[in-house]
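Q: Pasting a structure here, questions to come.
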Amino acid sequence: MQITSAEFLKSCAKVSDLPGTHAPEYAFIGRSNVGKSSLINMLTAVKGLAQTSSKPGKTLLVNYFTINNSWFLVDLPGYGFAKVSKEERARLEQRIKSYIANREQLTNLFLLVDCRLEPQKIDLEFIDWLGENGIPFSIVFTKADKLSKKALDEHIAAYKQTLAETWENLPPIFCSSAETRMGRDELLDYIEEINRSL
Ligand code: GTP
Ligand code: MG
0 MQITSAEFLK SCAKVSDLPG THAPEYAFIG RSNVGKSSLI NMLTAVKGLA
50 QTSSKPGKTL LVNYFTINNS WFLVDLPGYG FAKVSKEERA RLEQRIKSYI
100 ANREQLTNLF LLVDCRLEPQ KIDLEFIDWL GENGIPFSIV FTKADKLSKK
150 ALDEHIAAYK QTLAETWENL PPIFCSSAET RMGRDELLDY IEEINRSL
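All letters in the sequence shown, in the order written, are residues 0 to 197 by numbering that gives the first Met the number 0.
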């Protein structure tokens, strides 16, 4: 799929701010600093469209980007950000989960995982929650430029094995790099396929 236009639409702090249209939306979730905003910039090929930061916790609102005037990419706040209070973190997590569970326009959720890390409890618990709630999702390994091809393949195989302990059917899995643009065509083709099927 070609991206012909990508524009920031708005930041939403509460449910009533969410767009009222029925355009399909694809949201990005994952731990703080995993590379959600960078992946959106890589997919759209618009540098600086989604704000990135080497400091975790940059995205505190639900940010909407209109793509090809017909569908949305949605940048969600990262979870697990340690520098806010426990209460604030719980509130943010509740808000994200409420959006994910209740938003009818959410066509697919991309759960981002840093390809260098062993399976993390926080991500596995989140995956369990998605499965239990019947949320359509895919896993995207990020920062693939940081590993050799061999290490990446081994890591993904081990991750799949961990997931297979709990889940009979594994979600689609992608590898990406905002640096090398690895995974861009695969992810855009995947979105296009879903858009066509709607
Ligand atoms: P929050 O909004 O805080 O939740 O973070 P985020 O998940 O949106 O992460 P962001 O895109 O801001 O990236 C965090 C840091 O990781 C930045 O310093 C990025 O430059 C870096 N980064 C993101 N993606 C990649 C990648 O594919 N490769 C490399 N090498 N660095 C990356
Ligand atoms: Mg971000």
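Built from N, CA and C at the ideal position, the CB exists for glycine as well.
(1) Nearer than 7 Å: is that true of the beta carbon of Ile82 relative to any heavy atom of ligand 2?
(2) Mind checking Asp200: buried by the 16 CB within 10 Å criterion, or exposed?
(3) Let me know the secondary structure DSSP gives Phe14 once reduced to three states.
(4) Please confirm whether any heavy atom of ligand 1 lies closer than 7 Å to the CB of Gly79.
(5) Taking the C-alpha atoms as reference points, what is the distance between Ile2 and Thr43?
(6) Going by DSSP, what residue range makes up the alpha helix (DSSP H) through Ala156?
(7) Would you call Ala150 buried or exposed, if buried means 16 or more other Cβ atoms sit within 10 Å of its Cβ?
(8) Give the secondary structure of Gly29 by DSSP, where H, G and I count as helix, E and B as strand, and everything else as coil.
(9) So, with DSSP's three-state summary, where would you put Ala5?
(10) If you compare alpha carbons, which of Val14, Ser31, Ser37 and Tyr63 is closest to Glu221?
(11) Looking at ligand 1, does it come within less than 7 Å of Asp152, judged from the CB to the closest heavy atom?
(12) For Val112 and chain B, any beta-carbon pair shorter than 8 Å?
(13) Is there at least one non-hydrogen atom of ligand 2 closer than 7 Å to the beta-carbon of Ser10?
(14) Assuming Thr43 is part of the alpha helix (DSSP H), what are its boundary residues?
(15) Between Ala49 and ligand 2, is there a pair consisting of the residue's CB and a ligand heavy atom that are separated by less than 7 Å?
(16) Looking at the secondary structure, which residues open and close the alpha helix (DSSP H) in which Trp166 lies?
(17) Below 6 Å CB to CB, which residues in the same chain sit around Leu206 once its five sequence neighbours on both sides are set aside?
A: In short, the structure shows the following:
(1) Along the sequence shown, read from residue 1 onward, the residue named residue 82 stands at position 83. Looking at the sequence provided, one finds Lys at residue 82 rather than Ile. Not under cutoff, so the answer is no.
(2) Here the chain covers residues 0 to 197 and nothing more, so residue 200 does not appear.
(3) By 1-based counting over the sequence shown, the position of residue 14 is 15. Per the sequence shown, residue 14 should be read as Val rather than Phe. Helix.
(4) In the sequence shown, counting from the first residue as 1, residue 79 sits at position 80. Flag unset: Cβ of Gly79 not near ligand 1.
(5) Numbered from 1 along the sequence shown, position 3 holds the residue referred to as residue 2. Numbered from 1 along the sequence shown, position 44 holds the residue referred to as residue 43. For Ile2 and Thr43, the distance between alpha carbons rounds to 6 Å.
(6) For the purposes of this step, residue 156 is identified with residue 157 of the sequence shown, where counting begins at 1. For Ala156, the enclosing alpha helix (DSSP H) covers residues Lys148 to Ala163.
(7) Start at 1 with the first residue of the sequence shown, and residue 150 comes out as number 151. When all chains shown are included, Ala150 counts as exposed.
(8) For the purposes of this step, residue 29 is taken as the residue at position 30 of the sequence shown. Strand at Gly29.
(9) Taking the sequence shown and counting its residues from 1, the one referred to as residue 5 is at position 6. Reduced to three states, the DSSP call for Ala5 is strand.
(10) The structure shown does not extend to residue 221, since the chain is modelled only from 0 to 197, so the question has no answer here.
(11) For the purposes of this step, residue 152 is taken as the residue at position 153 of the sequence shown. Set against 7 Å, the gap from the CB of Asp152 to the closest heavy atom of ligand 1 is not smaller.
(12) Reference to chain B is not applicable here, since this structure consists of a single protein chain.
(13) Taking the sequence shown and counting its residues from 1, one reaches residue 10 at position 11. Ser10 Cβ: outside cutoff for every heavy atom of ligand 2.
(14) Here residue 43 is taken as the residue at index 44 of the sequence shown, counted from 1. Per DSSP, Thr43 belongs to the alpha helix (DSSP H) from Lys35 to Thr43.
(15) Translated into the one-based positions of the sequence shown, residue 49 becomes position 50. Yes.
(16) Translated into positions along the sequence shown, residue 166 becomes position 167. Neither: Trp166 is in no alpha helix (DSSP H) and is coded neither H nor E.
(17) This structure does not reach residue 206, given that the chain is present from 0 up to 197, and the question cannot be answered.
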